[in-house]
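Per the working numbering, residue 1156 is the first one in the sequence shown, and the count goes up by one each step. The beta carbon of each residue, even a glycine, is placed where N, CA and C say it ideally should be. Quick caveat: nothing in here was measured; it's all calculated off a predicted structure.
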Amino acid sequence: MNAVIEAIVSRRSIRKFSQEKVSNETVELLLTAAMNAPSACNQQAWYFIVVTDRAKLEKLSTRHDGVNFVKGAPAAIIICGEPDAAVLDYYWVDDCSAATQNLLLAAHSLGLGATWTGINRQDPEAIEFFRQILTIPRQYIPFSMIPIGYPAEQRSFSNRYDEKKMNWD
Ligand SMILES: Cc1cc2nc3c(=O)[nH]c(=O)nc-3n(C[C@H](O)[C@H](O)[C@H](O)COP(=O)(O)O)c2cc1C
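Rendered as structure tokens:
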């Protein structure tokens, strides 16, 4: 295994964070990784909102029980998609997924913890919830929310490679 594959295998969702701030330079590195993800026809149908305001993080964490831990993170990055600008409009979700995973792996490689939390883009109420808290330009739809920070928990991992999930054809 090389360093990239080791990082992919050892990454786990981190939901407990120390209060150490994440510097702007580090956030820019995370966004660099995200914005270098593959996208359909290189359309890059994404937009990123970096949230460090405590009151906003608290509000975001009330969306449902599964994101309650967001209030304990020093920062969160909301990845949004732009369906109308997309060359292939059905692929904006794929673009945002690739950007989200790149960001998670970059965070892990820098010693940060992070978790992909989903946003139901088919639920107008969910989208409105994020619009009321954050400044999201109208053309963008919130896609994922990624709390980030220095880990205050250690997650064990095992390699999930499973030969029953594949075949040679
Ligand atoms: C689309 C999507 C939505 C997710 N939503 C949440 C969430 O709302 N809350 C949460 O704690 N984790 C969420 N997760 C993280 C998963 O629970 C986690 O990735 C999975 O349990 C595997 O664990 P690992 O990331 O540690 O490998 C989500 C992951 C994905 C891909």
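Please find out if some non-hydrogen atom of ligand 1 comes closer than 6 Å to the beta-carbon of residue i.
i       : result
VAL1222 : yes
GLY1273 : yes
THR1270 : yes
ARG1167 : yes
Just tell me which of the options has its CA closest to the CA of residue i.
i       : options                               : result
ALA1261 : ASN1322, PHE1312 and ALA1192          : ALA1192
SER1178 : ALA1231, VAL1222, VAL1159 and GLU1213 : ALA1231
HIS1219 : ASP1208, VAL1242 and THR1272          : THR1272
Note the first and the last residue of the continuous beta strand (DSSP E) segment covering residue i.
i       : result
SER1299 : 1296 to 1304
CYS1196 : CYS1196 -> no beta strand (DSSP E), and no H or E assigned at all.
ALA1230 : 1230 to 1236
With a cut-off of 8 Å on the beta carbons, I'd call residue i and residue j a contact; round off their distance for me.
i       : j       : result
SER1200 : GLU1237 : Checking the sequence, you will find Ala at residue 1200 rather than Ser. Yes, ALA1200 and GLU1237 are in contact; Cβ-Cβ is about 5 Å, under 8 Å.
GLN1294 : ASP1250 : Rounded, the Cβ-Cβ distance is 14 Å, inconsistent with contact.
ALA1195 : TYR1246 : 4 Å
LEU1215 : PHE1203 : Actually they do not touch by this definition, with Cβ atoms about 15 Å apart.
ARG1166 : LEU1259 : 6 Å
Mind checking which residues open and close the alpha helix (DSSP H) that includes residue i?
i       : result
GLN1256 : 1247 to 1264
THR1270 : Counting along the chain, THR1270 falls outside any alpha helix (DSSP H), and DSSP gives it neither H nor E.
- prompt: Between the stretch 1256 to 1275 and the stretch 1299 to 1308, do at least 3 Cβ pairs fall closer than 8 Å?
  reply: Cβ pair count under 8 Å is three or more, so yes.
- prompt: Would you call the stretch 1283 to 1291 and the stretch 1172 to 1182 in contact, with 3 or more CB pairs under 8 Å?
  reply: no
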